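Colleague:
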Amino acid sequence: MVKTATFSRGVHPHEYKELTSHKPIEKLPAPESVFIPLQQHIGKPCKPLVAKGDTVTIGQKIGDAEELVTAPVHASISGAVKSIGHFPHPLGGRVEMIHIQNEPPEASSESEILLDRPTDWENASPTDLIRVVREAGIVGMGGAGFPAHVKLNPPPEKPIDTFILNGCECEPYLTADHRMMVENTDEILVGMAIICKILGNCKGYIGIEKNKPDAIQRMQERVSTLNYDFTVVPLDVKYPQGAEKMLIQSVLKRKVPAGGLPLDVGVVVHNVGTTLAIHAAVINGKPVTQRVVTVTGDGLRDPKNILAPIGTPFQDLLNYGGESLSETKQVFMGGPMMGLAQYDLSVPVVKTTSGIVSLHQEPVSAIRQMPCIQCGNCVSACPMNLIPTRLARYTQNQRYTELIDWGVFNCIECGSCAFVCPSAIPLVQWIRVGKNKARQVQKSAS
Amino acid sequence: MSTQSPASSKGKSKLQEPENLLILASSPHLHTTTSTQSIMWQVVLALLPATAMAIYYFRWPAVVIILTSVITAVLTEAIINRLKGETPTITDGSAVITGLLLALTLPPTFSIGGTILGAVVAIGIGKQLFGGLGYNIFNPALLGRAFLQASFPIGMTTWSVPATLAGSAVDGLSGATPLGLYKFEHALTGYADLFVGNVGGSLGETSALAILIGGIYLLIRRFADWRIPVSYLGGVIVIGGIFWAFSPDQFPDPVFHLLSGGLMLGAFFMATDMVTSPITRLATWIYGIGMALILVIIRLFGGLPEGVMYSILLMNAVTPLLNRYTRPKIFGEVQS
Chain A
0 MVKTATFSRG VHPHEYKELT SHKPIEKLPA PESVFIPLQQ HIGKPCKPLV AKGDTVTIGQ
60 KIGDAEELVT APVHASISGA VKSIGHFPHP LGGRVEMIHI QNEPPEASSE SEILLDRPTD
120 WENASPTDLI RVVREAGIVG MGGAGFPAHV KLNPPPEKPI DTFILNGCEC EPYLTADHRM
180 MVENTDEILV GMAIICKILG NCKGYIGIEK NKPDAIQRMQ ERVSTLNYDF TVVPLDVKYP
240 QGAEKMLIQS VLKRKVPAGG LPLDVGVVVH NVGTTLAIHA AVINGKPVTQ RVVTVTGDGL
300 RDPKNILAPI GTPFQDLLNY GGESLSETKQ VFMGGPMMGL AQYDLSVPVV KTTSGIVSLH
360 QEPVSAIRQM PCIQCGNCVS ACPMNLIPTR LARYTQNQRY TELIDWGVFN CIECGSCAFV
420 CPSAIPLVQW IRVGKNKARQ VQKSAS
Chain B
0 MSTQSPASSK GKSKLQEPEN LLILASSPHL HTTTSTQSIM WQVVLALLPA TAMAIYYFRW
60 PAVVIILTSV ITAVLTEAII NRLKGETPTI TDGSAVITGL LLALTLPPTF SIGGTILGAV
120 VAIGIGKQLF GGLGYNIFNP ALLGRAFLQA SFPIGMTTWS VPATLAGSAV DGLSGATPLG
180 LYKFEHALTG YADLFVGNVG GSLGETSALA ILIGGIYLLI RRFADWRIPV SYLGGVIVIG
240 GIFWAFSPDQ FPDPVFHLLS GGLMLGAFFM ATDMVTSPIT RLATWIYGIG MALILVIIRL
300 FGGLPEGVMY SILLMNAVTP LLNRYTRPKI FGEVQS
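Protein chains in written order, with numbering that gives the first Met the number 0: chain A, 0 to 445; chain B, 0 to 335.
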């Protein structure tokens with residue numbers, strides 16, 4: 000047995016991946032209508048490029064903005080713009096969205112709009128490739144939603160020597176990346192090659208948790224058959240292995256400086272879904288109009304990995320998974336460790352929807368809270384080596400100077416501390432409050 | 000199901016909507032199955048071998064003291080819960096641990112009245128006065144014991160030999176602990192007797208074997224930090240060993256240090272009390288070595304034969320400071 004790479008501390012939640020890990024990706028039949036949010040990314044929201052009543056074609060750009068940090072949005076089905084208005088968003092609140100009603104295009108008209116792209120990517124300039132990535136509206140599809148074209152264009156004073164494909168998928172329940180790695184191996188590898196071409200001379204690594212042996216094996220096989228200079232790195236099954244800083248430590252033994260970014264240590268990390276989207280854009284000219292979503296949980300009769308158009312309401316996907324709604328207590332977008340609880344199932348799938356988890360069990364918040372007994376489990380769990388119980392206490396006592404001194408801004412909000420706390424204290428929730436308050440205090444002081 | 004017109008079904012579904020409401024909460028939405036309550040009861044379970052040995056060696060007096068102490072501790076907790084108007088906390092197991100630990104540190108001949116007083120002080124002053132579970136600075140059982148040591152200096156130092164030795168001993172009613180024998184008569188006790196606990200001493204401290212069984216269980220299940228017994232016992236071996244190496248005639252050897260007195264019980268069950276021990280790794284090592292140093296100094300140069308209680312209480316007192324001044328290096332932090 001080869002010793003696998005890993006990071007320090009972290010936790011081992013039950014995986015629940017067996018529900019969907021063996022199920023091939025299924026394509027969702029086109030929904031009746033979709034709601035495309037004008038903001039699905041970190042950065043400036045888009046402005047609509049279409050008006051009510053317009054006819055749109057799949058792949059057509061329907062929203063964009065001028066600023067650098069943004070990502071355009073595209074029609075994910077062909078049809079008519081029924082309305083443009085504010086609808087519930089899975090990240091909370093109401094966000095401006097374009098509501099498109101499905102109308103299959105007439106046979107004579109163009110069935111799909113493709114991106115303008117270089118015919119031979121291997122001889123194209125990085126600038127041209129970055130432009131394609133931008134026009135395709137690609138963002139960090141693992142959940143962060145940071146525009147990929149910005150990440151692929153680091154400032155010249157930060158030379159990049161390594162690209163890491165993040166195939167950890169360390170969140171329980173989620174298997175979308177796993178299935179993509181097994182089913183779309185070659186496309187992902189081409190996507191990696193494109194990324195390495197854009198970044199210049201860089202070494203490629205593929206980090207996969209070893210609970211996905213088929214993905215590891217398939218990647219290794221194809222890398223050697225197709226003669227890529229990439230290294231597959233099997234990683235320990237531990238949460239949060241897929242957090243950028245942890246992954247870089249596991250694979251390269253490099254530590255991203257506190258408050259810094261991966262590019263400070265010469266690394267760019269992209270998720271499997273993002274890399275596949277880069278392949279689709281550069282090779283096939285397809286913008287982000289669909290993504291693989293793991294629809295799972297004990298609230299479903301038939302959990303699945305579903306390829307769904309962006310903008311499809313959650314309810315449509317849950318119905319496709321054979322939901323028995325009356326018993327469902329919670330639904331989240333993303334995995335259960337960092338996912339967002341939803342109250343309205345009309346919210347649409349966005350570019351960062353890696354999974355929809357529907358559960359029957361009593362929520363964690365129903366567990367009786369006890370006082371902190373100083374067991375130190377949160378300290379042993381924190382991958383950032385913080386003292387969560389102390390940060391929570393400083394927040395409760397409104398001692399923001401100490402809160403900052405003890406490193407509150409380094410918290411990546413992975414939730415490991417709250418997961419292990421025997422007294423069921425909502426530690427990461429307190430830390431989130433503390434971060435906000437400390438930021439306000441900092442702002443008003445300067 | 001009866002069929003309804005679209006209009007009425009629409010109206011009805013609106014009225015019934017609350018039944019299908021989804022629960023909103025902040026992530027994480029998964030939680031470990033280990034609870035504070037389960038940890039406490041596991042500690043009680045781990046104390047059972049030592050409790051059984053106490054009863055085996057000291058018979059009925061042991062049963063009486065253990066029951067008195069546990070019942071008093073739980074009752075005190077319940078009464079204070081009531082006075083404070085809070086939900087009863089007696090089912091969380093922490094009061095049972097305090098009562099049981101206190102009993103195991105008492106001499107077999109100790110009075111029932113004294114035991115009751117000790118348990119009341121342990122829970123009332125040692126724990127509840129500070130705010131209850133999680134807020135106390137000192138290990139409550141040891142605080143209760145310290146109170147008894149100051150109040151009943153004779154009762155707390157009058158020992159009987161185990162029932163297993165009663166027939167053979169010259170004086171069947173009173174005996175001395177191995178540490179007392181060493182300190183005042185410079186006599187050593189055999190290691191085999193020390194290890195199984197066939198010697199005089201407090202109820203639960205004599206059998207290193209029984210304590211190890213429970214203690215190792217706690218370490219394996221991670222309900223106690225292994226660094227604490229390792230640094231405490233290791234510190235005693237090293238520091239005691241240095242004195243012994245310099246003057247083997249004057250000082251006992253490290254094995255004797257380890258097996259005699261309350262060191263094993265203290266190292267595995269009292270120093271490891273989560274509430275009163277540090278949470279950062281560096282602080283934990285300092286805590287353990289600090290206890291070892293204090294213990295050896297008291298044993299070798301103090302007026303008392305035993306120093307486990309004071310070594311733990313003194314290091315309990317500095318635990319908040321240790322936690323404060325040993326902030327670990329944050330991931331990626333550069334030392335400036």
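For glycine and all other residues, C-beta sits at the position ideal for the given N, C-alpha and C. Quick caveat: nothing in here was measured; it's all calculated off a predicted structure.
Could you work out which residue in A/G58, A/H11, A/H98, A/P89 is closest to A/A50 when comparing CA atoms only?
Modeller: With distances taken between Cα atoms, A/A50 lies closest to A/H98.
Colleague: Could you give the DSSP three-state label for B/R58: helix, strand or coil?
Modeller: Helix at B/R58.
Colleague: Is it the case that the Cβ atoms of A/Q329 and A/L358 are separated by a distance below 8 Å?
Modeller: Their beta carbons are under 8 Å apart, which means A/Q329 touches A/L358 by this criterion.
Colleague: Compute the distance between the beta-carbons of A/I187 and A/H269, then report whether it is under 8 Å.
Modeller: Cβ distance not < 8 Å, so A/I187 and A/H269 don't count as in contact.
Colleague: In terms of DSSP beta bridges, what is A/R290 paired with?
Modeller: Note: A/R290 sits in a beta bridge opposite A/A307.
Colleague: Going along the chain, which unbroken runs of the beta strand (DSSP E) with 3 or more residues stay wholly within the segment 177-233 of chain A?
Modeller: For the segment 177-233 of chain A, whole beta strand (DSSP E) runs of length 3 or above, ordered along the chain, are 202-208.
Colleague: Kindly indicate which residue of A/D228, A/S249, A/F34, A/T274 has the alpha-carbon position closest to the one of A/L151.
Modeller: For A/L151, the nearest C-alpha among the options comes from A/T274.
Colleague: Beta-carbon of A/P23 versus every beta-carbon of chain B: anything under 8 Å?
Modeller: No - not a single Cβ of chain B is within 8 Å of the one on A/P23.
Colleague: Let me make sure I understand the geometry here. Which of B/V198, B/T156, B/A266, B/D272 has the alpha-carbon closest to that of B/I136?
Modeller: Residue B/D272 is the option with its Cα nearest to B/I136.
Colleague: Does the segment 207-222 of chain A come into contact with the segment 127-138 of chain A, if we say contact requires no fewer than three beta-carbon pairs (one atom in each stretch) closer than 8 Å?
Modeller: Because the criterion of three Cβ pairs below 8 Å is not met, the segment 207-222 of chain A and the segment 127-138 of chain A do not touch.
Colleague: Would the segment 344-364 of chain A and the segment 24-44 of chain A be scored as touching if the rule is three or more Cβ pairs under 8 Å?
Modeller: Because the criterion of three Cβ pairs below 8 Å is met, the segment 344-364 of chain A and the segment 24-44 of chain A touch.
Colleague: Considering only the beta carbon of each residue, do A/G284 and A/L113 sit closer than 8 Å?
Modeller: Going by C-beta atoms, A/G284 is nearer than 8 Å to A/L113.
Colleague: Residues in the same chain with beta-carbon distance under 6 Å from B/A316, minus the five sequence neighbours each way, listed in chain order, please.
Modeller: There are no such residues.
Colleague: Quickly, what does DSSP pair A/L358 with across the bridge? List them, please.
Modeller: Answer is A/Q329.
Colleague: Let me know if A/S75 comes out buried or exposed under the rule of 16 or more other beta-carbons within 10 Å of its beta-carbon.
Modeller: So A/S75 ends up on the buried side.
Colleague: Checking contacts by CB at 8 Å: is B/K328 closer than that to chain A?
Modeller: At least one chain A Cβ lies under 8 Å of B/K328.
Colleague: At a cut-off of 7 Å, is A/M191 close to the ligand SAH when judged by its beta-carbon and the heavy atoms of the ligand?
Modeller: The ligand SAH is absent from the structure shown, which contains no ligand whatsoever.
Colleague: Mind the definition here: the segment 334-343 of chain A touches the segment 405-421 of chain A only if three or more C-beta pairs lie below 8 Å; say whether that holds.
Modeller: Contact holds: three or more Cβ-Cβ distances are below 8 Å.
Colleague: B/I122 to B/A209, Cα distance in whole Å?
Modeller: Each residue's alpha carbon lies about 26 Å from the other.
Colleague: What are the residues that DSSP puts in a beta bridge with A/L295?
Modeller: Checking the displayed sequence, the identity of residue 295 of chain A turns out to be Thr instead of Leu. The partner list for A/T295 (beta bridge, DSSP) reads A/V356.
Colleague: Leaving out five residues on either side along the sequence, give the residues of the same chain with a beta carbon under 7 Å from the beta carbon of A/M332.
Modeller: Answer for A/M332: P89, G338, L339, Q341, T352, I355, listed in chain order.
Colleague: Could you confirm whether any beta carbon from chain B is found closer than 8 Å to the beta carbon of A/F331?
Modeller: For A/F331, the answer is yes, since a Cβ of chain B falls inside 8 Å of its Cβ.
Colleague: Is the CB-CB distance between A/M383 and A/F6 below 8 Å?
Modeller: No, the Cβ-Cβ distance between A/M383 and A/F6 is not below 8 Å.
Colleague: Between the segment 119-145 of chain B and chain A, which residues of the former have CB atoms less than 9 Å from a CB of the latter, in chain order?
Modeller: Of all residues in the segment 119-145 of chain B, G130, G131, L132, G133, Y134 have a Cβ within less than 9 Å of some Cβ in chain A.
Colleague: Mind pulling the chain A residues with CB within less than 7 Å of B/S230?
Modeller: Those do not exist, as B/S230 stays about 15 Å from chain A at its closest Cβ, beyond 7 Å.
Colleague: Give every residue of the same chain whose Cβ lies closer than 6 Å to the Cβ of B/I89, excluding the five residues on either side of it in the sequence, and list them in chain order.
Modeller: Once the five neighbours on either side are set aside, the close Cβ partners of B/I89 are V73, E76, A77.
Colleague: Quick one: which unbroken alpha helix (DSSP H) runs of 4-plus residues sit fully inside the segment 68-149 of chain B? Chain order, please.
Modeller: If we require 4 residues or more, the alpha helix (DSSP H) runs fully inside the segment 68-149 of chain B come out as 93-103, 111-120.
Colleague: Which residues, in chain order, does the segment 134-165 of chain A contribute to contact with chain E at a C-beta distance below 9 Å?
Modeller: No chain E is present in this structure, whose protein chains are A and B.
Colleague: Taking C-beta to C-beta, are B/G239 and B/V295 nearer than 8 Å?
Modeller: Taking 8 Å as the Cβ cut-off, B/G239 and B/V295 qualify as a contacting pair.
Colleague: Assuming A/L164 and A/Y227 make a contact with CB atoms under 8 Å, what is their CB distance in whole Å?
Modeller: Not confirmed; about 11 Å, so no contact.
Colleague: Can you tell which of B/F268, B/V120, B/L320 has the C-alpha that lies nearest to the C-alpha of B/Y286?
Modeller: Ranking B/F268, B/V120, B/L320 by Cα distance to B/Y286 puts B/L320 first.
Colleague: Would you call A/K442 buried or exposed, if buried means 16 or more other Cβ atoms sit within 10 Å of its Cβ?
Modeller: A/K442 should be labelled exposed.
Colleague: Under 8 Å, Cβ to Cβ, is there at least one residue of chain B near A/Y393?
Modeller: For A/Y393, the answer is no, since every Cβ of chain B falls outside 8 Å of its Cβ.
Colleague: With a Cβ-Cβ cutoff of 8 Å, do A/I61 and A/V72 count as a contact?
Modeller: Yes, Cβ-Cβ distance for A/I61 and A/V72 is below 8 Å.
Colleague: Just verifying my parser: in three-state terms, what is the DSSP assignment at A/A4?
Modeller: Three-state result, A/A4: strand.
Colleague: If contact is defined by three or more beta carbon pairs under 8 Å, each pair taking one atom from either stretch, is the segment 186-196 of chain B in contact with the segment 23-41 of chain B?
Modeller: Flag = no, the segment 23-41 of chain B and the segment 186-196 of chain B do not touch.
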